[in-house]
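If you read the sequence shown in the working numbering, its first letter stands for residue 1221, the second for the next number, and so on. Okay, so here's the structure we're looking at.
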Amino acid sequence: MYRILNAQIQERSRTPFYDQLKNYVWMAKDSWHTPGHSSGESLRGSPWVNDFYEFMGEHVFDADLSVSVKMLDSLMEPTGVIAEAQTIAAKAFGARRTFFATN
């Protein structure tokens, strides 16, 4: 019983997009997409906003990027990790389909 329950919990707690986002952040060296804060580099050491950078933490800006990187899939035509995450979300919501939108 424990193994079955544990397997179901593991399946339902998968986070394919978040996992891929972390992989991208750890491997990315340069930021050539929006937003323009360059992974926080434009804030680090600034006499005006360095306290904000230090408060928010080192990696908060690394993961603030547009989903225009191939390994993060496409919101317009998801076929990878976004599609997988939407399928998982639909199951969690009891829906036939779930779509993600960003601002």
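From the three backbone atoms N, C-alpha and C, an ideal C-beta is built for every residue, glycine too.
Asked: A1310 versus R1317 - alpha carbon distance; Found: 5 Å
Asked: Cβ-based neighbour list, A1303, same chain, cut-off 8 Å, excluding 5 preceding and 5 following; Found: D1293
Asked: Selection from D1282, I1308, F1320 that minimises the alpha carbon distance to M1296; Found: F1320
Asked: Where D1293 sits in the DSSP three-state scheme; Found: coil
Asked: Per-residue DSSP class, three states only, for M1221; Found: coil
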